[in-house]
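As structure tokens, the structure follows; a few thoughts come after it.
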Amino acid sequence: MSNRLVSSIEIFIYFCLLAKLMSSPDNSQEKTSVSGELKRNVLGVWTSLANGLAANAPAGVTALYFVGLAGLVGGSMPLDVLLAWLIYLAMTVVVYEWSKEVASSAGWAAIQRKGFNNSFLAFFAGWSYWYYYLSFTAGFGLLGIATFAYLISPTIASSYPYLWIPILIVAMLETSLLMYRGVRPSSLYTLYTGLAEIAFIIITSVALVIIAGPRNTYTPFTPIPVGNNWSIILVSMIFGITTFGGTNSAIPLAEETKNPRVNVPKGLLILQLLIGFTLIFSSYAQTVIYGVNNMAKYAALPDPGIIILGRYLGPIAAALYTIFVINSFNSSIIGSQNGQTRMAYALSRDGLVFPQSFKRINRFGVPGFNIIITGIINAVIGIITGLILGPLEAGIFLITTNAFFGFVNHILGGIGLGLYHRRNHTVNIFKHVVIPLIVLGTLGTAIVFAVYPAPPYPLNYASYVAAAWTLVGVLVYILLRRSRKENLDKFGTFTL
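What follows is the structure, encoded as structure tokens:
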């Protein structure tokens, strides 16, 4: 497996270099002057949804999240994934409705501002979502790609305990360079490789279902494997929601999208249906091929996806899956860091938190200096937390710290959606009231279960980190309110 891993990594590096060469910016992009405005009309429906596809990292989800879900609900994993998708679909409806009203790199800050017309909530969204993107980039993307080799071959961890650090640095440099060269080249890379991921997962899942033959059953879509214990299903569904995280990440790139109030909503809907089908079907295929009653053993495997594909479809399929998982983490860095740099750009544009250099646009139409510094910050955070907690545990910890901010902003976004349409006398009871109430109920419950009962160390400190970041944000807001009130009042109001 170690030799196969080396070959897979070599192929992957070659693939990344080839993608860079193929996706060089066109002449019009090279002529973009250095200014404070992002290049407009660069992305379409598919290239804008590519950012959500990248941030979600479907192959990475099947490699890591399925293991955790199987450990919680065993053979009912497909049911859990289905229910989680329905909840995330409700969250996407809220974002979908807002994307028809708001087109701004400020993303969630612009959403909260339009919903509540409140400078604090707009600033809180900007402050919290910048951290959300940072912790996801460092935790899932950088540390994910850096530690995947350890999951494939535990002997690598014992023989080369610090190998993850140079891998992380190389991943940061490679993705930052690709983002620096323009949003379209990086979007084409994540789109093509992401769709290839999806196709591979679906094709191999079909093959596994066919091989399973008489073992195919409706049971995985019921609570029967967990003794009809719905409480286990519903509680674990909270964790399942995160399997669809990132799919709404087209929002921060709205300013760079053609006709954003039409194309971004289309992209959100297409991607949610595509990712939903892929992950639900894949979870079913993994369950029936391994055995509904054997999923506890599945959860104990270091890399069940690779093992299953190797056993039933051969070493080539396992090697290809390995490449796609590595690429998935690599793309995730781009998807989440795009959101992070656009939020920093929006704050800098309005004279808040970040220096004016963060809004400076390079000749490729993107905030180049912002991208470079952000990449370095993400790498430093990943390395420091990795050295303290261990790279794998650090990745889980960082992702856990940002869950609160994602859930709270979606709840506020739903409430604000109803208030906004009430003010404009355009309320649709189902889309603007019922759906937000579903989001409020489920995500409110998720926040409670995230802190009680307290998770084991070090995850029990994740809520403290979120609370500390919130407190610092409040203090920064108070200081800015005294010195830059006009800037705060302006933040989040810009939209195309």
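-17 is the number of the first residue of the sequence shown in the numbering used here; add one for each residue after it. Think of the CB as a built atom: it goes at the ideal place given N, C-alpha and C, for glycine as much as any other residue.
Inspect the beta-carbon positions of residue i and residue j and report whether they are closer than 9 Å.
{"i": "Val208", "j": "Ser58", "result": "yes"}
{"i": "Phe346", "j": "Ala88", "result": "no"}
{"i": "Ala300", "j": "Ile315", "result": "no"}
{"i": "Asn384", "j": "Phe48", "result": "no"}
{"i": "Leu470", "j": "Leu457", "result": "no"}
{"i": "Gly398", "j": "Val415", "result": "no"}
{"i": "Trp90", "j": "Ile233", "result": "yes"}
{"i": "Gln268", "j": "Tyr70", "result": "no"}
{"i": "Tyr294", "j": "Leu133", "result": "no"}
{"i": "Ser169", "j": "Ser30", "result": "yes"}
{"i": "Ser310", "j": "Val84", "result": "no"}
{"i": "Pro242", "j": "Leu35", "result": "no"}
{"i": "Ser264", "j": "Thr172", "result": "no"}
{"i": "Ile180", "j": "Ile257", "result": "yes"}
{"i": "Ala37", "j": "Thr225", "result": "no"}
{"i": "Phe106", "j": "Tyr327", "result": "no"}
{"i": "Pro247", "j": "Tyr78", "result": "yes"}
Below 8 Å CB to CB, which residues in the same chain sit around residue i once its five sequence neighbours on both sides are set aside?
{"i": "Asn9", "result": "A caution first: Asn9 carries a pLDDT of 40, below 50, which makes its placement in the model unreliable, though a value can still be read off. If we look at Asn9 and ignore the five residues flanking it on each side, it has no Cβ neighbours."}
{"i": "Leu371", "result": "Phe379, Pro440"}
{"i": "Gly26", "result": "Thr239, Lys240, Asn245"}
{"i": "Val76", "result": "His392, Gly395, Gly396, Leu399, Ile417, Pro418, Val421"}
{"i": "Leu283", "result": "Val49, Ile289"}
{"i": "Ile215", "result": "Val55, Ser58, Leu61, Asp62, Leu65, Pro205, Val208"}
Put residue i into one of helix, strand or coil per three-state DSSP.
{"i": "Thr239", "result": "strand"}
{"i": "Leu399", "result": "helix"}
{"i": "Arg453", "result": "Note that residue 453 is Leu in the sequence shown here, rather than Arg. Three-state DSSP puts Leu453 in a helix."}
{"i": "Leu25", "result": "strand"}
{"i": "Thr269", "result": "helix"}
{"i": "Glu19", "result": "coil"}
{"i": "Glu468", "result": "helix"}
{"i": "Pro234", "result": "helix"}
{"i": "Asn384", "result": "helix"}
{"i": "Gly350", "result": "helix"}
{"i": "Leu190", "result": "helix"}
{"i": "Ser169", "result": "helix"}
{"i": "Val84", "result": "coil"}
{"i": "Ser135", "result": "coil"}
{"i": "Leu478", "result": "coil"}
{"i": "Thr14", "result": "Confidence at Thr14 is low in this model, with a pLDDT of 37, below 50, so its placement is unreliable and the value that follows should be read with caution. If DSSP states are grouped into helix, strand and coil, Thr14 belongs with coil."}
Excluding five sequence neighbours on each side, which residues of the same chain lie with their C-beta closer than 7 Å to the C-beta of residue i?
{"i": "Met353", "result": "Residue identity differs from the one stated: residue 353 is Ile in this sequence, not Met. Only Ser158, Met161, Tyr162, Thr323 meet the Cβ criterion."}
{"i": "Asn360", "result": "Leu116, Thr119, Ala120, Leu124, Met154, Gln319"}
{"i": "Trp212", "result": "Pro205"}
{"i": "Thr201", "result": "Gly57, Pro207, Val274"}
{"i": "Ser339", "result": "Phe351"}
{"i": "Leu425", "result": "Phe389, His392, Ile393"}
For residue i, which residues in the same chain have their Cβ closer than 6 Å to its Cβ, ignoring the five residues on either side in sequence?
{"i": "Leu65", "result": "Met219"}
{"i": "Leu329", "result": "Gly108, Val335, Phe336"}
{"i": "Arg479", "result": "Since the first residue of the chain shown is -17 and the last is 478, residue 479 is not available in this structure."}
{"i": "Gly292", "result": "Ala300"}
{"i": "Leu374", "result": "Thr129"}
{"i": "His403", "result": "Val409, His414"}
{"i": "Thr14", "result": "For Thr14, the predicted model reports a pLDDT of 37, less than 50, meaning its position is unreliable; a value from the coordinates is still stated below. So the qualifying residues of the chain are Lys21, Arg345, Gly347."}
{"i": "Gly474", "result": "Ala88, Ala91, Ala92, Arg95, Ala104"}
{"i": "Gly249", "result": "Val27, Ser30, Leu31, Ala232"}
{"i": "Trp146", "result": "Ala128, Thr129, Pro373"}
{"i": "Ser187", "result": "Phe263, Ser264, Ala267"}
Cα separation between residue i and residue j?
{"i": "Phe306", "j": "Lys472", "result": "43 Å"}
{"i": "Val447", "j": "Gly126", "result": "21 Å"}
{"i": "Tyr111", "j": "Ile192", "result": "43 Å"}
{"i": "Val455", "j": "Ile358", "result": "The question names Val, yet the displayed sequence has Gly at residue 455. If you take the alpha carbons of Gly455 and Ile358, they lie about 22 Å apart."}
{"i": "Val421", "j": "Val24", "result": "32 Å"}
{"i": "Ile363", "j": "Tyr113", "result": "11 Å"}
{"i": "Gly368", "j": "Met325", "result": "25 Å"}
{"i": "Val63", "j": "Gly50", "result": "12 Å"}
{"i": "Ala281", "j": "Val55", "result": "10 Å"}
{"i": "Asn406", "j": "Gly97", "result": "11 Å"}
{"i": "Ser86", "j": "Gly350", "result": "18 Å"}
{"i": "Glu156", "j": "Ser231", "result": "21 Å"}
{"i": "Gly222", "j": "Ala278", "result": "17 Å"}
{"i": "Ile381", "j": "Tyr266", "result": "25 Å"}
{"i": "Phe122", "j": "Ala39", "result": "9 Å"}
{"i": "Phe389", "j": "Ala450", "result": "17 Å"}
{"i": "Ala436", "j": "Ala32", "result": "36 Å"}
{"i": "Pro60", "j": "Leu261", "result": "9 Å"}
{"i": "Glu19", "j": "Thr74", "result": "28 Å"}
{"i": "Val433", "j": "Pro196", "result": "42 Å"}
{"i": "Pro143", "j": "Asn100", "result": "48 Å"}
Heavy atom of the ligand GDP less than 8 Å from the Cβ of residue i, yes or no?
{"i": "Gly372", "result": "Annotation note on the ligand GDP: not contained in the displayed structure, which lists no ligands."}
Original post:
What residue ranges within the region 90 to 121 form continuous alpha helix (DSSP H) runs of no fewer than 4 residues, ordered along the chain?
Top reply: The DSSP assignment places 90 to 98, 101 to 118 as complete runs of the alpha helix (DSSP H) inside the region 90 to 121, in order along the chain (cut-off: 4 residues).
Subject >> Complete alpha helix (DSSP H) runs within the region 396 to 444 (minimum length 4 residues, chain order) >> reply: 417 to 433
Subject >> Every unbroken alpha helix (DSSP H) within the region 258 to 330, with a cutoff of 4 residues, ordered by chain >> reply: 277 to 281, 286 to 295
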